[in-house]
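Have a look at the structure below before the remarks.
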Amino acid sequence: MTDGHENRLGYAKEGLVVRLLVSRMLVSSVLAVAAVGGAGAAEPDLVRRAQLVSMVRQDCGSCHGLRLTGGLGPALLPDSLSGKPAAALIAAVLGGRPGTAMPGWSRFLSGAEAAWIVEQLQRGFPPLAERGGW
Amino acid sequence: MDRRAVAARFSATRRKGGLVNRWRTISRVLAGLAAVVVAGCAGRPVAGLRGTGDLGIVIERASGSVQIVDHSGRRSLGRIEGLGDLSHAHATVSRDGRYAYVFGRDGGLTKLDLLAGRIDRRIIQAGNSIGGSISQDGRLVVAQNYQPGGIKAFDADTLAPVAEVAAEYAPGRFSKVVGLADVPGQGFAYALFDAGEIWVTDFTDPSAPRTRRFAAGKQPYDGLVTPGGRYFMAGLFGEDGIALLDLWQPEQGVRRILDGYGRGEDKLPVFKMPHLRGWAVADGKAYLPAVGRHEVLVVDVTDWREVGRIAVAGQPVFVMARPDGRQVWVNFAFPDNALVQVIDTLEGAVIDTLSPGRAVLHMEFTPRGEAVWVSARDDDRVTVYDTATRKALAVLPARAPSGIFFTARAARIGF
Chain A
6 MTDGHENRLG YAKEGLVVRL LVSRMLVSSV LAVAAVGGAG AAEPDLVRRA QLVSMVRQDC
66 GSCHGLRLTG GLGPALLPDS LSGKPAAALI AAVLGGRPGT AMPGWSRFLS GAEAAWIVEQ
126 LQRGFPPLAE RGGW
Chain B
51 MDRRAVAARF SATRRKGGLV NRWRTISRVL AGLAAVVVAG CAGRPVAGLR GTGDLGIVIE
111 RASGSVQIVD HSGRRSLGRI EGLGDLSHAH ATVSRDGRYA YVFGRDGGLT KLDLLAGRID
171 RRIIQAGNSI GGSISQDGRL VVAQNYQPGG IKAFDADTLA PVAEVAAEYA PGRFSKVVGL
231 ADVPGQGFAY ALFDAGEIWV TDFTDPSAPR TRRFAAGKQP YDGLVTPGGR YFMAGLFGED
291 GIALLDLWQP EQGVRRILDG YGRGEDKLPV FKMPHLRGWA VADGKAYLPA VGRHEVLVVD
351 VTDWREVGRI AVAGQPVFVM ARPDGRQVWV NFAFPDNALV QVIDTLEGAV IDTLSPGRAV
411 LHMEFTPRGE AVWVSARDDD RVTVYDTATR KALAVLPARA PSGIFFTARA ARIGF
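So the sequence lines, in the order shown, correspond to chains A and B. Sequential numbering of the first sequence, starting at 6, is according to our numbering. Sequential numbering of the second sequence, starting at 51, is according to our numbering.
Next comes the structure, spelled out in structure tokens:
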């Protein structure tokens with residue numbers, strides 16, 4: 006498995022920035038340095054957003070469904086989240102909900118990234134980007 | 051098998067066009083190769099005369115499609131689209147090995163004709179479903195649903211609804227159903243995640259199913275039936291242990307095994323739920339994923355005592371014995387999901403670590419275990435490994451592949 010991360014981003018622009026981010030992603034998931042991906046309070050950039058969309062639909066999707074219509078975990082659609090304070094949802098994403106199957110994701114997401122995810126969930130989550138060859 | 055020859059003849063077929071020519075070509079190919087599926091118009095395979103024992107499907111979870119595959123030829127025979135939301139899709143196989151029933155997350159139940167390479171029938175049977183199983187006599191296909199919580203039985207030929215058991219464990223309270231498996235006596239055993247119970251429903255009279263309930267433990271997340279059909283086990287998420295029901299003596303109730311295997315230590319986070327199925331048993335021992343520990347737990351199935359634990363690379367998701375029981379293959383939850391580890395059951399230790407691609411979601415052994423197919427969602431491929439040498443024998447492109455289901459499941463209890 007050496008070719009992986011570059012392929013995945015085949016739809017994004019080639020170049021130093023992309024490569025840099027990709028290697029930072031790798032470092033962050035290997036070393037679990039939560040701050041690397043989002044660098045503080047800054048909004049995630051386009052490349053990182055694409056990764057977050059894929060992560061939410063695929064990995065969060067293993068419990069919440071690819072279409073976020075719910076599974077072992079509840080639906081994460083705008084209707085189901087409306088009226089719930091974003092701060093509580095962000096706290097759930099980062100810290101999990103003890104005693105339930107919802108784990109905390111702070112090893113992999115910065116606060117800004119979790120906030121961006123919750124904002125998108127409440128608004129209607131973006132679709133998966135098409136990948137090359139589909 | 052010479053694949054190039056097939057391809058050449060296939061394009062010749064297309065060039066000539068015309069029904070007569072096409073059939074002449076096809077029968078010539080058949081004479082030479084015994085079994086050939088020609089991808090006809092729009093990528094749909096059309097079957098020649100052949101068996102189905104070496105067919106299977108690969109779920110393409112994000113695009114609502116499946117590929118029909120041939121594990122003798124290690125190749126894809128075509129793609130079928132239009133199956134809806136296939137996240138967490140599961141499939142069971144008709145008794146004759148011709149049809150696969152695919153259960154989609156969106157409650158879709160699709161009956162695929164593997165020979166004709168098309169959808170035979172499709173219904174939406176629930177709002178949110180996670181799988182199903184086929185009855186001992188092959189006549190009923192039963193779905194397990196989260197929403198509405200319960201199970202539903204359908205006629206395996208027509209998909210007409212036959213019976214329904216709502217998982218109403220207290221007045222007005224319905225549970226998500228997990229771990230559904232067929233058991234001998236036209237029965238189905240399953241667990242209720244929210245109720246902490248195991249239910250066994252007997253469909254001998256499909257118009258009046260009879261259900262028995264058993265207390266199991268906190269948050270059962272999946273279940274399995276041992277290969278002979280005697281025991282049903284439900285893994286627990288909410289506590290350390292496994293609920294075991296002897297289906298020969300159900301009146302004895304649920305017995306707990308592996309109680310407190312976490313030894314009171316803090317659990318590691320579980321980023322994806324493990325899965326259980328009858329493949330867990332190898333050579334008299336069951337190999338089970340620990341929850342919140344990076345370990346495979348080993349239990350002697352004669353007395354259900356823990357006889358060992360094997361440290362592995364992450365939170366195990368599938369712990370699958372090769373059909374002969376000499377090896378157990380393990381994949382992992384996020385973030386260790388780019389790895390697969392191989393346990394030698396004689397040594398009781400990991401003997402190999404493989405990297406089949408990013409987000410390995412599922413593995414399926416060929417019926418006698420010389421090869422295993424492994425799906426890697428984020429690298430859009432399925433890799434076929436020789437289980438003895440662990441060398442890749444083939445790599446098949448697939449769109450975000452997840453579950454792989456071979457027709458050999460048709461002949462196994464608990465699938």
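Positions of the beta carbon are idealized from the N, C-alpha and C atoms, including for glycine. Keep in mind it's a predicted model, so treat the numbers as computed, not measured.
Task: Within-9 Å CB hit, Pro256 of chain B to chain A - done: no
Task: Cβ of Pro108 of chain A within 9 Å of any chain B Cβ - done: yes
- [ ] Just mark Ala128 of chain A as buried or exposed, buried being the case when its beta carbon has 16 or more other beta carbons within 10 Å.
- [x] Note that residue 128 of chain A is Arg in the sequence shown here, rather than Ala. Its Cβ having fewer than 16 others within 10 Å, Arg128 of chain A is exposed.
- [ ] Determine the chain A residues that contact Arg155 of chain B at a beta-carbon separation under 8 Å, and present them in chain order.
- [x] Within 8 Å Cβ-Cβ: Gly70, Leu71, Arg72, Thr74, Gly76.
- [ ] Using beta-carbon positions only, say whether Val438 of chain B and Pro406 of chain B come within less than 9 Å of one another.
- [x] Reading off the sequence shown, one finds Ala at residue 438 of chain B, where the question assumed Val. Not closer than 9 Å, so no.
Open item on the list: Going by beta-carbon coordinates alone, are Glu247 of chain B and Phe264 of chain B separated by less than 9 Å?
Closed with: yes
- [ ] Answer yes if the segment 409-427 of chain B comes into contact with the segment 442-460 of chain B, meaning at least three C-beta pairs across the two stretches below 8 Å, and no otherwise.
- [x] yes
Task: C-alpha gap between Pro90 of chain A and Thr254 of chain B, whole angstroms - done: 50 Å
Open item on the list: According to DSSP, simplified to helix, strand and coil, what is Gln236 of chain B?
Closed with: coil
TODO: Name the two residues that bound the continuous alpha helix (DSSP H) containing Ala92 of chain A.
DONE: 91-100
Task: Assumed close pair Leu126 of chain A, Leu81 of chain A - CB separation to whole angstroms, cut-off 8 Å - done: The C-beta distance from Leu126 of chain A to Leu81 of chain A rounds to 5 Å, short enough to fall under 8 Å.
Task: Bridge partners - Asn195 of chain B, DSSP secondary structure assignment - done: B:Ser179, B:Gly200
Open item on the list: For chain A, check one thing: does any of its Cβ atoms lie closer than 9 Å to the Cβ of Gly132 of chain B?
Closed with: It does not; no Cβ of chain A falls within 9 Å.
- [ ] Given a cut-off of 9 Å, decide if His138 of chain B and Phe455 of chain B are closer than it, judged by their beta-carbon atoms.
- [x] no
Open item on the list: Using a 10 Å radius around the Cβ and a threshold of 16 neighbouring Cβ atoms, would you call Thr416 of chain B buried or exposed?
Closed with: buried
TODO: Give a yes or no on whether the minimum CB-CB distance between Phe113 of chain A and chain B is below 9 Å.
DONE: By this cut-off, Phe113 of chain A is an interface position.
Task: chain A contact for Pro319 of chain B (CB, 9 Å cutoff) - done: yes
Task: Classification of Arg148 of chain B by the beta-carbon crowding that lies within 10 angstroms, buried from 16 upward - done: buried
- [ ] List the residues of chain B whose Cβ lies closer than 8 Å to the Cβ of Gly66 of chain A, in chain order.
- [x] Ser137
Task: Buried versus exposed, by CB contacts within 10 Å (16 or more), Gln63 of chain A - done: With 16 or more neighbouring CB atoms inside 10 Å of its own CB, Gln63 of chain A falls in the buried class.
Open item on the list: Tell me which residues share the same chain as Leu36 of chain A and place their Cβ nearer than 8 Å to its Cβ, disregarding the 5 neighbours each side in the sequence.
Closed with: Only weak support is given to the placement of Leu36 of chain A: the predicted model assigns it a pLDDT of 34, under 50, and the value that follows is read from those uncertain coordinates. Closer than 8 Å at Cβ, skipping near neighbours: no residue.
- [ ] Could you check if Ala93 of chain A is buried or exposed, using at least 16 other CB atoms within 10 Å of its CB as the buried criterion?
- [x] exposed
- [ ] Take the Cβ of Thr352 of chain B as the centre, count every other Cβ of all protein chains shown within 10 Å, and call the residue buried at 16 or more, exposed below.
- [x] exposed
- [ ] For Phe321 of chain B, I'd like the list of residues in its chain whose CB is within less than 8 Å of its CB, leaving aside the five on either flank, ordered along the chain.
- [x] Gln365, Ala383, Phe384, Pro385
Task: Cβ neighbours of Gly43 of chain A in the same chain (closer than 8 Å, five flanking residues each side left out) - done: A caution first: Gly43 of chain A carries a pLDDT of 38, below 50, which makes its placement in the model too unreliable to give a value.
Task: Ile463 of chain B (DSSP reduced to helix, strand or coil) - done: Three-state DSSP puts Ile463 of chain B in coil, outside helix and strand.
- [ ] Give the straight-line distance between the Cα atoms of Lys202 of chain B and Ile401 of chain B, rounded to the nearest whole angstrom.
- [x] In this model, Lys202 of chain B and Ile401 of chain B are separated by some 42 Å (Cα to Cα).
Task: Nearest-angstrom Cα separation, counted from Gly398 of chain B out to Ala371 of chain B - done: Per the coordinates, the alpha-carbon of Ala371 of chain B lies some 13 Å from the alpha-carbon of Gly398 of chain B.
Task: Gly104 of chain A versus Lys317 of chain B - alpha carbon distance - done: If you take the alpha carbons of Gly104 of chain A and Lys317 of chain B, they lie about 11 Å apart.
- [ ] Could you spell out the range, first to last residue, of the beta strand (DSSP E) harbouring Val123 of chain A?
- [x] DSSP places Val123 of chain A outside any beta strand (DSSP E); the residue lies instead in the alpha helix (DSSP H), whose first and last residues are 116-128.
- [ ] Note down, in chain order, all residues in the segment 88-104 of chain A with a beta-carbon under 9 Å from any beta-carbon belonging to chain B.
- [x] Gly101, Gly104
- [ ] Using the DSSP secondary-structure output, state which residues sit across from Arg262 of chain B in a beta bridge.
- [x] B:Val250
- [ ] Under 6 Å Cβ to Cβ from Val143 of chain B, same chain only, skipping five residues before and after it: list those, please.
- [x] Ala150, Thr457, Arg459, Ala460
Task: Cα-Cα separation between Leu86 of chain A and Gly75 of chain A, rounded to whole angstroms - done: 12 Å
TODO: Work out the CA separation of Ser452 of chain B and Val38 of chain A for me, nearest whole Å.
DONE: Confidence at Val38 of chain A is low in this model, with a pLDDT of 34, below 50, so its placement is unreliable and the value that follows should be read with caution. Computed Cα separation, rounded: 29 Å.
- [ ] Could you name the residues of the same chain whose beta carbon sits closer than 7 Å to that of Pro131 of chain A, not counting the 5 residues immediately before and after it, in chain order?
- [x] Val58, Gln125
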